[in-house]
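These notes are about the structure you will find just below.
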């Protein structure tokens, strides 16, 4: 071992770069809100915030699962297809009511997760390749199930999930979709920070070899991670369907993997794995939502919104660069 | 065979070469000479600077000081390709050709014969390739993709390619490490042919038998310095090993009885019985038995199979044959979790890549393996964790700002203690230590050694692998010496001293041998006898 060891020091807590790495996403949100407070009429109204939160729910839920997968140094491109599959399954079983149909949709999503996870964990396929194949095949299967048709869903349970709120009619009513998202955020946060599974997942992302040599059930944990990610995507698919009041497997969740990955990375979870920032991921999703909303309210064409997203990804990755090099 | 002392300048020469990496001196004023038609052994243990020297000679690295001369003229190889064009070729351990291309294409890649139209003249290429391989007695279909050939043949192709590029010097780095015995013979005869053509060979191997068979002279490196240059005839094996390890035979008194390895063996039944551990090309038929409280050293030079033996017992490496038993129960082989459950844990050699999880805290690293035991219904209990972490941070004197400090910020010695704590938290029965004190400072080293002794005193069975002769001798009650993946000999009692160990490492199995298995090759008449004699008197 005569090879030179180059020591790279971590950016200290005090440096500007260190602060940006830790709190960048929150600072960005604050800046954006201040801008809107000054320049955007009617932005600071409860109704507007309610709308923003409802709109961000699917991306946020998908991003939660994505954060877990990225924490293992993986990636899941099939989340949009899983949403489509969930959407396709719902009309078939909605006759039994929302809960049974939702459970079935989640199970179908989980099956995709099992396939993804098995390919990654047991066969050793690179995550990007394994999930890319399901990204393509999954939506195809969804279209087959739906017979390539758009079906409206009129079940009252589904409609209530999509459009109803707790404390209906009150000024501070909370949409059910937002409540579901909030519960899932808490569950995933607990999972990451308080359970054996979460700790092991992060260790695997930090050093898979060391985790294996420490006797961790690496393959089982990887499998479970992809299953969780897919199940969360299925839930996002259910909520997306409920909001539309229709099953639209051809377009639901299109390109959502990109938004979700952006939210995770902007939120401070490095693509190199070994860390999962749940709070940051939530904030990342919100930041993307607020940016879009700000641009919309100032009548900036959608194309600019996409370009802005790209700039933000680059910025986030640039800021994280120092941290990745430490590994 | 004296090397011919002619007036011709050496075919390849390094003068006063120094190479530093980020403050670490990898080569220190190295002088190196290679003469036409000779075969020179480049010897040295891990970290001695062999690879760096090869890379400087072949243009991968530029020397910080000194110069390289080819046929007497100063040259600068800016890139490996420059060296190759000038006639210095390298054959690496793992063949560096293109597996999917045909044999002929691999030989002529980048300099294919062309037709008048500028297209590749396949006909001529195939014919040339066949003719070339014929001269070395290699009979293969040159159109077949390279990867369809046996590894040995692939290496011959690499060799043929090197020579066909007008090579004057061929550097071979561990050329036989993945070859069958028969393939090794072919390689040796090819080497003979090359030498007749006046091509000089630099042969890097840790297999003593091969060195003495193939090479005339040796250049020995240690810690980046040349410590010996001379004919192998005049260099007994034991002296060569001493040179490589930096231990002289005179200095081999047992360091008093203050050795850190005390004898804790009892009449207790063995805790671990490993039998016939075998894996192709790595280890072959290794038996180890160890009692509670015993420290068994695993001696051997680089590549002797020390680490592989540990990995086999720890479930890290799949076995072709053999079994490991703990307290009489067979442990499922090839499974780390099964080994850990049975009570076998291993401190890996490469602490940074295989041991610590660099981004996690000291706490998370210590409890990594024990996490399920410290949890309730899948929820990790901070209180249980802190109890364990607290105990081991105090007991092992882990110096950190606190359990929340990121482990990669700790010194090497403290990282190693974190690793030991991780395993002690599992209350193991057998602790396998692979180079536990490598790369840590002197103070931490003494602490770790004292700890090994203490743990053995508490009844833990320990297997210690170290490339430091002194550490093995002082730390172990018994030393199993490996050579080429087999048990060469077992040193017990008074035999556990540096002198016996050096002799065993050199392959001079004398009366010290407890295990009768010896090598055919080492009964060679030219094997150095003088050392055996002197040892006979002293023992």
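Protein chains in written order, with this note's numbering: chain A, 1 to 327; chain B, 1 to 539.
Using N, Cα and C, we set each Cβ at its ideal position, and we do this for glycine too.
Out of curiosity, what's the CA-to-CA distance linking residue i and residue j?
i: residue 230 of chain B; j: residue 120 of chain B; result: 47 Å
i: residue 160 of chain B; j: residue 107 of chain B; result: 7 Å
i: residue 237 of chain A; j: residue 283 of chain B; result: 54 Å
i: residue 29 of chain A; j: residue 286 of chain A; result: 8 Å
i: residue 26 of chain B; j: residue 20 of chain B; result: 5 Å
i: residue 15 of chain B; j: residue 137 of chain B; result: 38 Å
i: residue 83 of chain B; j: residue 52 of chain B; result: 15 Å
i: residue 316 of chain A; j: residue 166 of chain B; result: 52 Å
i: residue 500 of chain B; j: residue 117 of chain A; result: 53 Å
i: residue 228 of chain B; j: residue 301 of chain B; result: 18 Å
i: residue 175 of chain A; j: residue 292 of chain A; result: 21 Å
i: residue 529 of chain B; j: residue 234 of chain B; result: With a pLDDT of only 37 at residue 529 of chain B, under the threshold of 50, the placement of this residue in the model should not be trusted; the figure read from the coordinates follows. The straight-line gap from Cα to Cα measures roughly 11 Å.
i: residue 85 of chain A; j: residue 117 of chain B; result: 57 Å
i: residue 34 of chain A; j: residue 43 of chain A; result: 10 Å
i: residue 283 of chain A; j: residue 37 of chain A; result: 19 Å
i: residue 110 of chain A; j: residue 195 of chain A; result: 21 Å
Under 9 Å Cβ-Cβ, which residues of chain A neighbour residue i?
i: residue 308 of chain B; result: Within 9 Å Cβ-Cβ: nothing; residue 308 of chain B doesn't reach chain A, min ~15 Å.
i: residue 411 of chain B; result: The premise fails here: residue 411 of chain B is roughly 11 Å from chain A at the closest Cβ pair, so nothing lies under 9 Å.
Sorted by chain position, which residues of the same chain lie with C-beta nearer than 7 Å to residue i's C-beta, five sequence neighbours on each side aside?
i: residue 327 of chain B; result: 271
i: residue 419 of chain B; result: 347, 351, 355, 356
i: residue 385 of chain B; result: 363, 367, 374
i: residue 191 of chain B; result: 39, 201, 214
i: residue 100 of chain A; result: 93
i: residue 273 of chain A; result: 70, 71, 72, 73, 205, 206
i: residue 422 of chain B; result: 365, 366, 368, 369
i: residue 153 of chain A; result: 90, 91, 94, 241, 245, 246, 247
Chain A partners of residue i, CB-CB under 8 Å?
i: residue 422 of chain B; result: 214
Hey, residue i and residue j are a contact pair by Cβ (cut 8 Å); roughly how many whole angstroms apart?
i: residue 89 of chain A; j: residue 114 of chain A; result: About 16 Å separates the two Cβ atoms, so there is no contact after all.
i: residue 336 of chain B; j: residue 215 of chain A; result: 5 Å
i: residue 318 of chain B; j: residue 273 of chain B; result: Contact doesn't hold; Cβ gap of about 20 Å is too wide.
i: residue 185 of chain A; j: residue 64 of chain A; result: 7 Å
i: residue 480 of chain B; j: residue 288 of chain B; result: 6 Å
i: residue 41 of chain A; j: residue 75 of chain A; result: In fact, because the Cβ distance is near 40 Å, the residues do not count as touching under 8 Å.
i: residue 232 of chain B; j: residue 216 of chain B; result: 6 Å
i: residue 464 of chain B; j: residue 475 of chain B; result: 5 Å
Can you name the residues of chain B whose CB is closer than 7 Å to the CB of residue i?
i: residue 209 of chain A; result: 353, 354
i: residue 277 of chain A; result: Those within 7 Å of residue 277 of chain A in chain B number zero; the least Cβ separation is about 13 Å.
i: residue 200 of chain A; result: 371
i: residue 197 of chain A; result: 378
Spatial neighbours of residue i within its chain, please: C-beta separation below 6 Å, excluding the five flanking residues on both sides.
i: residue 184 of chain B; result: 176
i: residue 542 of chain B; result: Because chain B is modelled from 1 through 539, residue 542 of chain B falls outside the range shown and cannot be assessed.
i: residue 527 of chain B; result: Caution is warranted here: a pLDDT of 38 is assigned to residue 527 of chain B, below 50, making its placement in the model unreliable, and no coordinate value can be reported.
i: residue 320 of chain A; result: 270
i: residue 304 of chain B; result: 482, 483
i: residue 425 of chain B; result: 370, 388
i: residue 48 of chain B; result: 221, 222
i: residue 100 of chain B; result: 145
i: residue 333 of chain B; result: 319
Starting from residue i, find everything on chain B with Cβ-Cβ shorter than 8 Å and list it in chain order.
i: residue 267 of chain A; result: Residues of chain B passing the Cβ test: none, with the nearest at roughly 17 Å.
i: residue 203 of chain A; result: 357, 360, 364, 368
i: residue 194 of chain A; result: 379, 380
i: residue 206 of chain A; result: 357, 358, 359, 360
Less than 8 Å between C-beta atoms, sequence neighbours within five positions excluded: which residues of the same chain meet that for residue i?
i: residue 200 of chain B; result: 11, 12, 34, 35, 36, 37, 38, 39, 40, 168, 169, 170
i: residue 197 of chain A; result: 191, 221, 224
i: residue 157 of chain A; result: 97, 98, 99
i: residue 98 of chain B; result: 105, 106, 109, 146
Along chain A, in chain order, which residues have C-beta atoms closer than 7 Å to that of residue i?
i: residue 340 of chain B; result: 215
i: residue 316 of chain B; result: 213
i: residue 348 of chain B; result: 213
Note down, in chain order, every chain B residue with its Cβ under 9 Å from the Cβ of residue i.
i: residue 274 of chain A; result: 357, 358, 359, 360
Is residue i near the ligand SAH, judged by its Cβ being under 7 Å from some heavy atom?
i: residue 483 of chain B; result: With respect to the ligand SAH, the structure offers nothing, as it holds no ligand at all.
Exercise for the section: Just list the beta strand (DSSP E) runs in the region 316–386 of chain B, keeping only unbroken ones of 3 residues or longer that don't cross its boundaries, in chain order. Expected result: Every unbroken stretch of the beta strand (DSSP E) spanning 3 or more residues and falling wholly within the region 316–386 of chain B is given here in chain order: 321–326, 329–331, 344–347.
Practice task
Just list the alpha helix (DSSP H) runs in the region 201–287 of chain A, keeping only unbroken ones of 4 residues or longer that don't cross its boundaries, in chain order.
Solution key: 208–213, 218–244, 256–266
Handout entry: Complete runs of the alpha helix (DSSP H) confined to the region 93–159 of chain B [at least 4 residues]
Key = 103–108, 122–135
Problem - 3-residue-minimum beta strand (DSSP E) runs that sit fully inside the region 437–517 of chain B, ordered along the chain - result: 461–465, 478–483, 486–492
Exercise for the section: With a floor of 4 residues, list each alpha helix (DSSP H) that falls wholly inside the region 75–132 of chain A, ordered by position along the chain. Expected result: 79–93, 98–118
Problem - Length at least 4, wholly inside the region 64–90 of chain B: the alpha helix (DSSP H) runs in chain order - result: 80–86
Problem - Unbroken stretches of the beta strand (DSSP E), 3 residues or longer, contained in the region 194–259 of chain B - result: Correct list: 200–204, 217–222, 225–231.
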